[in-house]
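Residue numbers (our numbering): 430 to 771.
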């Protein structure tokens with residue numbers, strides 16, 4: 430033995446392979462297909478064969494060479510249509526405001542007086558025609574119609590001794606308000622003035638002189654004005670007379686009233702028109718009256734020596750409405766009558 434397989438072993442292996450091959454072949458014939466009846470003969474139909482169209486691929490787009498890009502053009506602004514605003518809501522007009530009330534009727538009337546055309550009477554120097562000063566005016570009297578009747582002059586004595594008051598007729602004086610010196614000149618004859626200036630030995634021997642009232646007693650039917658209270662018709666006090674403004678024609682134009690204590694405690698004076706005064710007799714005595722009430726006094730401008738003079742008077746009462754409406758009616762009726770007559 431040279432190291433190979435033994436012959437009996439080789440034979441056994443060969444027989445085993447052969448037996449397996451035969452078994453395989455016999456199995457195929459055993460489990461082979463059974464015979465089936467022949468299929469029926471049918472006519473064969475020829476169907477057209479549809480050949481699909483060849484698919485063509487799209488040609489590739491040519492690739493442009495890379496280069497500088499062109500700047501993009503700006504887009505035009507988008508103009509949007511303007512949307513109309515809705516109309517404002519209609520607001521009903523507000524009713525017109527009521528007309529302002531008519532201005533209140535004035536309660537006083539004022540008159541501006543030229544200060545150079547008149548001068549205050551009180552304490553004014555009185556001179557003779559030759560320019561010699563004989564005294565100072567201290568008072569005046571008026572009658573029931575408001576006409577000046579006398580001027581009361583304080584006559585100078587010798588060195589201030591023997592001063593006395595004497596009354597002279599108002600018509601015996603001449604007034605020059607714009608004079609630089611004494612503004613009142615007495616025009617009595619010299620003999621009457623000398624008799625008035627002559628010292629009297631005693632009161633019992635005093636004799637009245639012609640044209641001169643020796644005693645300052647007020648004649649009947651007249652009233653002194655200085656320091657006299659002006660009252661209302663109901664007895665209320667208006668003010669106290671402190672001066673009278675007289676023009677160049679010797680006509681009183683205004684009376685200066687001290688109304689202190691009526692409106693306020695401060696001293697206050699006003700100028701009232703002379704025409705606003707009226708004189709009535711009470712208990713056989715003449716009294717000056719004026720219709721200024723407290724409101725009118727308060728509304729009156731103050732009298733100042735260095736300011737324009739505003740003389741006041743009570744405002745007249747308003748006309749009744751019936752008279753105001755009757756005027757146009759009567760005029761319309763007259764115009765209608767005139768047209769009808771034509």
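Positions of the beta carbon are idealized from the N, C-alpha and C atoms, including for glycine.
Remember, it's a predicted structure, so these values are computed and weren't measured experimentally.
* To do: For residue 507, collect the residues of the same chain with a Cβ closer than 6 angstroms to its Cβ; drop the 5 residues on either side in sequence, then sort them by chain order.
  => Taking residue 507 as the centre and dropping the five residues before and after it, the same chain places no C-beta closer than 6 angstroms to its C-beta.
* To do: Return helix, strand or coil for residue 453, following the three-state DSSP convention.
  => Helix, per DSSP.
* **Endpoints, beta strand (DSSP E) assigned at residue 579** => Taken as a continuous stretch (DSSP letters only), the beta strand (DSSP E) holding residue 579 covers 577-584.
* Does the pairing of the region 721-738 with the region 541-559 give three or more beta-carbon distances under 8 angstroms? -> The region 721-738 is in contact with the region 541-559.
* Asked: From 678, 446, 699, pick the residue whose C-alpha is nearest to that of residue 684; which is it?
  -> The residue with the shortest Cα to Cα distance from residue 684 is 699.
* Those runs of the beta strand (DSSP E) which lie wholly inside the region 488-559 and span at least 3 residues -> Runs of the beta strand (DSSP E) inside the region 488-559: 537-542, 547-549, 554-556.
* Asked: With a CB to CB cut of under 7 angstroms and the five nearest residues on each side skipped, what residues in its chain are close to residue 558?
  -> Sequence-distant Cβ neighbours of residue 558 in its own chain, meaning closer than 7 angstroms and more than five residues away, are 614, 616.
* Asked: Quick one: is residue 642 buried, meaning 16 or more other Cβ sit within 10 Å of its Cβ, or exposed?
  -> Confidence at residue 642 is low in this model, with a pLDDT of 43, below 50, so its placement is unreliable and the value that follows should be read with caution. With 16 or more other CB atoms across the displayed protein chains lying within 10 angstroms of its CB, residue 642 is buried.
* For the alpha helix (DSSP H) that residue 724 lies in, which residues bound it at each end? -> Residues 723-728.
* **Distance, residue 686 Cα to residue 697 Cα** => Roughly 8 angstroms between the two C-alpha positions.
* Kindly indicate which three-state DSSP category residue 574 falls into: helix, strand or coil? => In the three-state reduction of the DSSP assignment, residue 574 falls in the coil class, being assigned neither a helical nor a strand state.
* Residue environment, residue 620, which counts as buried when at least 16 other CB atoms sit within 10 Å -> Exposed: under 16 other Cβ atoms inside 10 Å.
* Helix, strand or coil: how does DSSP classify residue 742 here? -> The answer is strand: DSSP assigns residue 742 an E or B state.
* **Which listed residue (602, 451, 453, 570) has its alpha carbon closest to that of residue 648** => Considering only alpha carbons, the answer is 570.
* Taking the runs of the beta strand (DSSP E) that are 3 residues or longer, which of them lie wholly in the region 667-698? -> Counting only runs of 3 or more, we get 681-687.
* Nearest CA to the CA of residue 719: which residue from 702, 519, 609? -> Comparing Cα positions, the closest option is 702.
* To do: Provide the residue span of the beta strand (DSSP E) that contains residue 647, from first to last.
  => Here residue 647 belongs to no beta strand (DSSP E), and DSSP marks it neither H nor E.
* Using the beta-carbon count (16 or more within 10 Å), is residue 725 buried or exposed? -> With 16 or more Cβ atoms within 10 Å of its Cβ, residue 725 is classed as buried.
* To do: Counting only the same chain and skipping the five closest in sequence on each side, list residues whose C-beta sits under 6 angstroms from that of residue 668.
  => The answer, listed in chain order, is 659, 686, 687, 688.
* Supposed contact pair residue 583 and residue 603 - C-beta distance, whole angstroms, cut 8 angstroms -> About 19 angstroms; that fails the 8 angstroms criterion.
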